[in-house]
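Input: a single structure, listed below in structure tokens.
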Amino acid sequence: MSEGWKSKTSSWRARCGLTAAAIVLSLGPVMAENTLDPAPDPDQSRAEYEQVSKEITLSSERLAKLAADIAAVKKDHASITAALIQSAMTEQKLGQDIEDIGAKLEGLKREEQKIRASLAARRDVLAEVLGALQRMGLN
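Here my numbering is used: the first residue of the sequence shown is 152, the next is one more, and so on.
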């Protein structure tokens, strides 16, 4: 039994050894690829550099355009604010003019009423004078 057990153990050890050797041999090329640093491709590096430079240039152009847009918006804001202030002042002036015209119109209406009352009072006097003149003309 001890010989059978030894043969099974050595058979198992032999299989493990062969498996380990196969693993080591199969990992050899992978390890070699990882340890060897291939020389960087200058064309690829140059292309990457040019791409990054182009993106930076585009970003700078976008920043310049955004800055110009911001300046235009600030200028428009200032113009609109000035126009709003001017229109508020004009509205106040026109409101005051309307009040002044309304007050003047009220004064003219009162004067009209006085004149109408005066004419109504004189109408009676004029009627008497005309009546007297007619009587004088008939006699």
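Positions of the beta carbon are idealized from the N, C-alpha and C atoms, including for glycine.
Asked                                                          : Found
Span separating the alpha-carbon of ALA223 from that of ILE236 : 20 Å
Pairwise C-alpha distance: LYS255 and GLU262                   : 11 Å
Reduced DSSP secondary structure (H/G/I, E/B, other) of ASP220 : helix
Spatial distance of ALA207 from ALA218 (CA atoms)              : Before going further, note that residue 207 is Ile rather than Ala in the sequence given. Answer to the nearest angstrom: the Cα atoms are 16 Å apart.
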